[in-house]
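I have placed the structure first, in the form of structure tokens, so that the comments after it can refer back to it.
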Amino acid sequence: MALPKMTRIQQRFEAPVLTDLPAAIHTELARINAAAIIKPGETVAITAGSRGVANVATAVKATVDYLKTLEAHPFVVPAMGSHGGATPEGQRSVLEHYGITEETVGAPVKATMEVVELGKTADGLPVFFDRYAAEADHVVPLNRIKAHTDFNGSIESGVMKMMVIGLGKQEGANFYHRAFFQYGFEHVITAVGGFILDSGKIAFGIGLIENAHEDTAKAVAMPAAQLLQTERELLVEAKSLMGRLPFDDLDLLIVDWTGKNISGTGMDTNVIGRMMQNFEPEPAKPAILRIFVRNLTEESDGNATGIGLADFTTTRLVEQIDRHSTYMNGITALGPQKSKIPFYYDTDREAIEVALDTIGLTEPEDARVIRIESTLRLTELDISDVLLEDAKLHSRLEVMGETKPLTFDAAGNLLPF
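Counting from 1 along the sequence shown, just add 560 to a position and that's the residue number in our numbering.
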């Protein structure tokens, strides 16, 4: 089969960078007058999640250090629902993986799967809350604010979601994901999160925004009374900075890496234009006919959640899958459809040829194809010949290399990106 020729291009994104994160957090905490909220001797639970948030250990340590200047007693709690195998040890291990230990942040890490019920929302939803967090005088949820991979709304992935799903642990995560079917994602997050805010447990939140290069772009402290509205505003800003593909209509997207350290769904659904979520409509754009994903990251530890978003994959990826962690993730999120195994082939060449054989009347060599390293790394990408002229006219695209055929090694697999 004659395959399309490819050319390396570079995308330019608006990419502000916060050069001194600890100083920014300290400035923000002074701005909101954290000293008027937290008194000497009080205990403060700081949340840390399971996503690959840029500089998260630095952000947690900066928060710990500031609270110590107030003579408070901070500690860290994992806020990650059922992740980490739904065990205290597993969740502690996840934090260690991201550099968060008592030694690195200067505060104890208290992990439990036990929850208490703070009460019920107006429509009867129980409010589950991490036991250690509930026992603290104050809670400071700290998280990245970004577009969610399962739904679109004014509140998506961020501090509110961490308060509800993360601190709800496995019991809360299981219940709330089921409730999404009846009430919708945003209603559950805002209703349960609003109850938690009204309970007085939250001192303030800390929201982080990242640019398209996964660098911290902004840190904002949000008093409890303004947290919901401030997070909504920060989400709009975060979406304006996120990476995206330069073209909306493709015959084939080749993704070198999927994984939990890249996105909760392995591949960012906002980038690939596929959510496969029962209670949410599919995005209108981008419209990608076929997706081929090549590898699973080592950091995923076999959790291949989101592999079902692809149409084709490789035997080597399938052999890496840990069924237990993948199935538990899919069941908890009520999204087993996202973890169905696609057609898989022994070589990349086979998978690409089959994919291009299923795109209709378009000849394979004329197909609209993009190859990316991952949905988190979109600065450099390879595009097929048919897209090249449009790329040259695109204001934020620059042609970087010569046009050349897709290159495979002796085993029939693409050379590293």
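Using N, Cα and C, we set each Cβ at its ideal position, and we do this for glycine too.
Asked, Found
"Terminal residues of the alpha helix (DSSP H) in which D758 lies", "745-758"
"In DSSP terms, what F903 is bridged to", "F872"
"Straight-line gap, I912 to Y658 (C-alpha atoms, nearest Å)", "35 angstroms"
"Buried/exposed call for Q742, threshold 16 Cβ in 10 Å", "exposed"
"I932 versus R854 - alpha carbon distance", "11 angstroms"
"Short Cβ contact (9 angstroms threshold) for G765 with V719", "yes"
"Per DSSP, cross-strand counterpart(s) of H633", "T603"
"Distance between H737 and A847 (C-alpha atoms, nearest Å)", "27 angstroms"
"Close Cβ partners of A595 (< 7 angstroms) along its chain, the five nearest in sequence each way excluded", "L630"
"Span of the alpha helix (DSSP H), counted from its first residue to its last, around K952", "945-953"
"Rounded straight-line distance, which links the Cα of E770 to that of I606", "20 angstroms"
"Pairwise C-alpha distance: I822 and P806", "19 angstroms"
"Enclosing alpha helix (DSSP H) for L655 [first to last residue]", "648-657"
"Inter-residue Cα distance where the pair is V878 and G972", "17 angstroms"
"N- and C-terminal bounds of the beta strand (DSSP E) containing D690", "686-690"
"Q837 in three-state terms, based on DSSP", "coil"
"D969 versus F903 - alpha carbon distance", "22 angstroms"
"Cα-Cα separation between A646 and L581, rounded to whole angstroms", "31 angstroms"
"Segment contact flag, the stretch 688-705 with the stretch 660-667, C-beta cutoff 8 angstroms, min 3 pairs", "no"
"Cα-Cα separation between A562 and V831, rounded to whole angstroms", "28 angstroms"
"Paired residues, beta bridge with E677 - DSSP", "F688"
"Collapsed DSSP secondary structure at E588 in the structure displayed", "helix"
"Cβ distance (whole Å) where S642 is taken to contact M888 below 8 angstroms", "7 angstroms"
"Cross-strand partners of L813 (DSSP beta bridge)", "I851, I930"
"Where F735 sits in the DSSP three-state scheme", "helix"
"Cα-Cα separation between A583 and E940, rounded to whole angstroms", "32 angstroms"
"CB of G803 within 9 angstroms of CB of T857, strictly", "no"
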